[in-house]
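Input: a single structure, listed below in structure tokens.
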Amino acid sequence: MSNEELKVKITELLPAATFEEGGEWLTINIDPKDWLPLAQQFRNDDSLYFDYLFCLTCIDWKTHLTMVYHLSSVKHRHNIVIKSKLDRSNPEIETISHIWKTAEFHEREVYEMFGVNFLNHPDLRLLILPDGWEGRNPLRKDFEDTINMIKL
Amino acid sequence: MFITKYIKDVYKGVRSLLVGMKRTLYYFTHHKEIITQQYPDNRDTLVLPERFKGEVVMPHNENNEHRCTGCQACELACPNGTIKVIFKNELTPEGKKKKAIDKLVYHLELCTMCNLCVEACPSDAIKMAQTFEHSVFDRNELTKILNNPGSKIMEGVE
Amino acid sequence: MWSFSNIANNLHKWLSETFNPTMTLIIEMVLAGVAVIGLFAALGLVLVIMERKVSAWMQIRLGPNRVGPKGMLQSLADTLKLLVKEGLTPNGADKLLFNLAPFVAMIVAMLLMAPIAFAKDFQLWDLNIGVLYVSAISSIMVISILMAGWASNNKYSLMGAMRSGAQIVSYELSAGLSILAVVVMTGSLQVSDIIHSQADGWWIFKGHIPMVVAFITFIIAVTAETNRAPFDLAEAESELTAGFHTEYSGMKFALFFLAEYVNVFIVCAIGATLFLGGWMPFHIGNWTQFNHVMDYIPSSIWFFGKTFFLIFVIMWFRWTFPRLRIDQLLNLEWKYLLPISMINLLIVTAMAILKWHF
Amino acid sequence: MFEEVGTTTEGDIIINVGPQHPATHGVLHLVITLNGETIKKVEPHLGYIHRSIEKMCESLSYRQFIYVTSRMDYLSSHINNHACALCVEKGLQVEVPPRAQVIRVLMDELTRIASHELWWGAMAMDLGAFTPFFHAFRERESINDIMEETCGARLTMNYMVPGGVMQDLHPNFQKKVKEFMQLYKRKIHEYDELVTGNIIFQNRMKNVGYLSAEDAVSYGCSGPAARGSGVSCDIRKIYPYEIYDKLEFDEVLETGGDSFARYMVRIREMQQSIRIIEQLIDNIPEGDFQAKTKAVLKLPKGEFYTRVETARGELGVYIVSEGGTTPYRIKFRSPGFSNLSVLDHIARGSKLGDLVAMMGTLDLVIPDIDR
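Protein chains in written order, with my numbering: chain D, 10 to 161; chain Z, 414 to 571; chain R, 1169 to 1526; chain L, 130 to 500.
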């Protein structure tokens, strides 16, 4: 499906979604509440069939966090980017690790690096950081580590 | 049939093993194929390619002159803060004050040999040397001053 | 003639003339013990350097070449290093068993030296059940490995010991059955009898294809029994770091290491004795001239030549093949080697009864 | 064996494979729950070599950050650098000269071969065969020599810069590459003799670590790990970059889904890389090796994502720019991270000895996973 067709289809599925222009791929902004049902439709709808989550990350915009999901379809070869704005002080979003298995590890990484709480995640523990780092999120912009970080 | 399949399996398996053994026997008997380089012994004949990135050096000519204008392009280009340019004020023959480099400090221990400083240098004052045996007993020895003592800038380099 | 048996006989004669019989026996036993220990050390040194050189040449490398002429003293330097290393005993280990295990391994390897005929009429103890003795004693080896694995208080060691136990117990069978093939042909369990029965041709040539099959089975089985690659599951380093000797260091580790190599030597010596005629020279039918030349080569050289050839074959396996998995290892034994060697034993028995061999 | 795999019960043994262990090439730490020899659960613990490259890059300029990415997947550092350079070029809208494009593709493919060579040797070594490791290094060394001559380094080259490549090819490059290809073709049959055809090896690999196509996609596997399950995911084919759309090569697909299929994909991929090099080596166009770019690069505000095919799979570089000289946020979607997540799934129920075969065929490079 081309970007235009995707746009029409997604507007049908979720009228509240807003679209972002300028990117290579179709980018939609959604509310975190809408994400889980939408994700299920993305995965299961035959004309969309986004079965490959190739990137899951988060951006710290100092005022808020943005979750970014890059989805692709191996069958139809179309891509889409989903963004969802999260509250910075209490970021929460539904997990999608049961829909795309790869999300389990990626969400754990985002959890420890940005402190995003993934609701209903089966095993939300620190993956990369050593024990005792809960609550200190290195990839947030205001993270300070006076010992290990060297300012040039 | 079961028995023929069994025998065929055994034959195929043994054959594949013998093929592998033939290959190792070939190397066991052909010592010409040995590729070992006996490193510390072949130091005299060891030639590194001219582009090999060993460390940053500043070439000087026979009059103890270098080409560095002190433009700090290398310092800015370096991702690790490996290079620090320290200035001094020099008097030109006409009596004017002129900025020149006092020291070009190079921290070999921080250097990743990325070649970005050499690329950035507008006057070709620094280049990569082919030395690679950098280990020393004291870490301080890795902090080098690239320009020779008493050296000055070459005529005509701006 | 200047041979091992002459030296031994002259020594015995001189000792009997000088001392009373009890004293003679004691001195001879001490001498034999010293000789075995000396052979042990020498074998360890030679086999380690041999393995390293063989592996290096197969891997297009030079191998050790710094210590001594052409690196020949490398294993001496290694031994020295191991001697001065601290022998650690882990805190949670069973101290007695942990320290005992390497010595059990050594003692087993030493006991196995007894019935081996190193040269013509040169044997420590030519007991009439020599072959049975060898297969019986070599089974004790597994006890030392289980001891080491259990006493180390380490999961890797324990798993290595478990694997090793399963492996050695299974491969005893086909090793035993292929030895039996020779015993059936010879009609004797005595090592000297078996060697003498090969005066007119080695069993591997006399016994047609069944004997070749028995020989191959034997080599595979003993490779597994001595925990050598491709059957080195007990110490599979990519799975169990070092298996049963993970916790050992210094000289205790060296003893395991040495015992492994001496075991390889012993099983190869047994293989050479049973299938390749021990110290018997190579004879071809009625080529008297050729046979005469062969007789000139001393018997000890024949024995060691054959043994080292078999050792080389086992090393050759090690540096060519990947390791088997534990279930495949047992499959190979129970589904392939054991049926094959059983049927083979039947054929050999039939051959022995019907006198089909040369 | 008798209870459900994946649960822990009283008699289970928990062993730590890594961070220092001969099976993990690097500092991967796997906590394995075993029932006898059967694996019930594999739990990776990461972070032993985490350098937070993403955070580091936030303070480096667009020229500088490329060198850091060599240290991610150090076996395909050219391709990492290539991905970053492509992403910056996408933002700058720079046209790369044709000569630079060809050089980049040549270097990528040489890197791919070198990486697969090392993988082949290391995997054979994991399975207990030591000899192939050294034989693989013979070919790999000659590639490294070529790299050393042109790029000045053997492993972390930092040769790709935004707009092209850092230096022109060395005059000996073509000759050396042809020599390498001759060496490779002379020695390729040894790979079959020593490893591929070996009955022990085949038994160790076949029907081990089965990964279905659906699971491969769901777990985000890419590269040979997914292509072994029949998932067509070669970025060079489906989203061609540089001149890959003009080249003739096949996307290697195997349908077995087991370790042997993943193994065969890599072996055949090496031959495809040779094919690409053969097409290009005599047709390197003349011209500039670097496009003219400004001294200080500034990406426009926006988000840029590039996908390239490394030796391990799909590497994604996601740059979020605020219009400054440094990236605001950079994310590397590394192939190893997703490939590792599938390990638990495929390892359950198999033997401990199989674990090394699976880890070998997933081709885990730990700095790539940890970043």
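C-beta: ideal position from N, C-alpha, C; glycine also.
Enclosing beta strand (DSSP E) for residue i [first to last residue]
i, result
"Y339/L", "It is not in any beta strand (DSSP E) - Y339/L carries neither H nor E in the DSSP assignment."
"N1177/R", "N1177/R -> not in any beta strand (DSSP E); alpha helix (DSSP H) instead, spanning F1172 to T1186."
"C67/D", "Y61 to D69"
"K557/Z", "T556 to I558"
"F461/L", "R458 to R462"
"D1495/R", "Note, D1495/R: premise wrong, no beta strand (DSSP E); alpha helix (DSSP H) at I1494 to N1499."
C-alpha distance - residue i paired with residue j, whole-angstrom precision
i, j, result
"M130/L", "D483/L", "At M130/L the pLDDT is 37, less than 50, meaning the model places this residue with poor confidence; the figure from the coordinates comes in the next sentence. Distance between the alpha carbons of M130/L and D483/L is about 16 Å."
"K418/Z", "F378/L", "38 Å"
"I156/D", "L135/D", "21 Å"
"D1495/R", "K84/D", "39 Å"
"R1396/R", "L45/D", "56 Å"
"L1215/R", "A1176/R", "26 Å"
"P429/L", "G453/L", "8 Å"
"E132/L", "Q401/L", "Confidence in E132/L is poor, its pLDDT being 44 and thus under 50, which makes the residue's placement unreliable; the coordinate value appears in the next sentence. Cα-Cα distance, rounded: 45 Å."
"E103/D", "I143/L", "32 Å"
"C530/Z", "G467/Z", "13 Å"
"E533/Z", "H547/Z", "Looking at the sequence shown, residue 533/Z is not Glu but Ala. Each residue's Cα considered, the two are about 24 Å apart."
"N99/D", "G431/L", "26 Å"
"S199/L", "C280/L", "13 Å"
"F1485/R", "M434/Z", "7 Å"
"R117/D", "L80/D", "18 Å"
"C216/L", "Y434/L", "6 Å"
Residues bridged to residue i [DSSP beta-bridge criterion]
i, result
"C362/L", "Answer is none; C362/L lacks a bridge partner."
"E500/Z", "At residue 500/Z the sequence reads Phe, which differs from the Glu that was named. BP columns for F500/Z point to I514/Z."
"N164/L", "T167/L"
"E432/L", "V449/L"
"V146/L", "L159/L"
"G293/L", "V290/L and Q419/L"
"Y519/Z", "I496/Z and K557/Z"
"D422/Z", "D422/Z pairs with nothing; no bridge assigned."
"P173/L", "L159/L"
"E101/D", "N126/D"
Residue range of the unbroken alpha helix (DSSP H) whose run includes residue i
i, result
"V306/L", "F302 to Y320"
"Y392/L", "S388 to I410"
"N1431/R", "G1418 to F1443"
"V125/D", "Looking at the DSSP string, V125/D is not in any alpha helix (DSSP H), and its letter there is neither H nor E."
CB contact flag (residue i, residue j, <8 Å)
i, j, result
"W1447/R", "A1287/R", "yes"
"R97/D", "L74/D", "yes"
"M1226/R", "A1273/R", "no"
"E268/L", "L235/L", "no"
"G465/L", "D497/L", "yes"
"G220/L", "S450/L", "yes"
"D40/D", "F123/D", "no"
"F1450/R", "W1371/R", "no"
"S82/D", "F59/D", "yes"
"S1223/R", "W1487/R", "yes"
"I208/L", "V437/L", "yes"
"R458/L", "L444/L", "no"
"V156/L", "E172/L", "no"
"V1432/R", "I1469/R", "no"
With 7 Å as the C-beta to C-beta threshold (strictly closer), list the residues of the region 525-549 of chain Z near chain A in chain order. Structure shown: chain A not included; protein chains present are D, Z, R and L.
Beta carbons nearer than 9 Å to chain L: which residues of the region 1478-1493 of chain R have them? R1486, W1487, T1488, F1489, P1490, R1491, L1492 and R1493
Relative to chain Z, which residues along the region 238-251 of chain L have a C-beta separation below 7 Å, given in chain order? none
So if I threshold CB-CB distances at 7 Å, which residues from the region 432-462 of chain Z count as touching chain L? V432, G433, R436, T437, I448 and P462
Going along the chain, which residues of the region 107-140 of chain D sit with their C-beta nearer than 7 Å to a C-beta in chain L? Residues W109, K110, T111, E113, F114, L136, I137, L138 and P139.
Quick one: which residues of the region 168-194 of chain L get their C-beta closer than 7 Å to a C-beta of chain Z? List them in chain order. L189, R192 and Q193
Any residues in the region 1211-1241 of chain R with a beta carbon nearer than 9 Å to a beta carbon of chain Z? Which ones, in chain order? Here the close residues are V1222, A1224, W1225, M1226, Q1227, I1228, R1229, L1230, G1231 and N1233.
Looking at chain Z, which residues of the region 279-297 of chain L have a Cβ within less than 8 Å of any of its Cβ atoms? From the region 279-297 of chain L, only T279, C280, G281, A282, T285, N287, V290, M295 and Q296 have a Cβ closer than 8 Å to chain Z.
Report the residues of the region 1302-1328 of chain R with a CB closer than 7 Å to any CB of chain Z, ordered along the chain. none
Which residues of the region 1396-1425 of chain R have a Cβ closer than 9 Å to any Cβ of chain L? Give them in chain order. A1397, P1398, D1400, L1401, A1404, E1405, S1406, E1407, L1408, T1409 and A1410
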